[in-house]
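Beneath this line is the structure, given in structure tokens, with notes to follow.
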Amino acid sequence: MLGVTNTYSSPSPDHDVIVVDPENKCKHRLSLYVRYNWTFYNPGRRYACCCKNQGIKCASFRWVDPKWDARTKGILVKLMKRKEKAEEEARSWEEAWRIAKKEANDTTYELRLMKRYFGEATNSLMNMRKKMRNNALLKKMKTLTAITMQGSGRKNTQRLAWSLKRLPLSYRR
């Protein structure tokens, strides 16, 4: 077994790194680091290895912890499997949430397009109705003007008065 001196955070978040006694060195003459092995064969078991991150690592490798007894190893493996299952479930929930959010955004966009389309269609129908009404009124006014021009008989005057009553207030100035 190797003697452990102090701990510090590892550059990678998956491993806690512990520096072992300075006299324990690798072939590069660097201090060995202790890391945790999180495989199903050696769950949570610490080992010392070369600390060189780049280039060729030497083959320095030693176990720091003794082998786990069967019960402890079984519990650790079960917990690791439970953790993997929970992480997978969380990923699937996140994926479902992302898909639902995208569908909601797409539906909102389609709804806005429909509102815009139906708003424009409604406006054009209203404008068309106004134009038709105005055209009908203009036609009536032309007819009335023509009648008045033809003669000023009593019948024509009554007809003109009756037609003027039917005109909207905006045209009666």
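Quick note: the sequence shown uses the working numbering, first residue 184, plus one each step.
Every residue, glycine too, gets a C-beta built ideally from N, C-alpha and C.
- Setting aside the 5 residues that flank it on each side, CYS233 is surrounded in the same chain by CYS209, LYS240, CYS241 and SER243, each with a C-beta closer than 6 Å to its C-beta; the list follows chain order.
- Relative to the Cα of ARG229, the nearest Cα in the group LEU215, ARG212 and ASP248 belongs to ASP248.
- In the structure shown, ARG295 adopts helical secondary structure according to DSSP, grouped into three states.
- In this structure, the CA atom of PHE301 is about 25 Å from the CA atom of ASN318.
- Under the DSSP definition of a beta bridge, TYR219 partners with ARG229.
- Under the three-state reduction of DSSP output, TRP280 falls in the helix class.
- In this structure, LEU262 sits away from GLY227, with a CB-CB distance that is not shorter than 7 Å.
- Looking at the DSSP output, TRP246 bridges to TYR230.
- The closest CA to that of LEU215, considering only TRP246, TRP221 and ALA279, is found on TRP246.
- Annotated three-state conformation of LYS208 is strand, per DSSP.
- Its chain contains no residue whose beta carbon lies nearer than 8 Å to that of GLU270 once the 5 sequence neighbours on both sides are disregarded.
- Straight through space, the alpha carbons of LYS266 and ILE282 are spaced by roughly 24 Å.
- CA-CA distance, TRP280 to MET297, rounds to 25 Å.
- Beta-bridge annotation (DSSP): SER214 is paired with LYS208.
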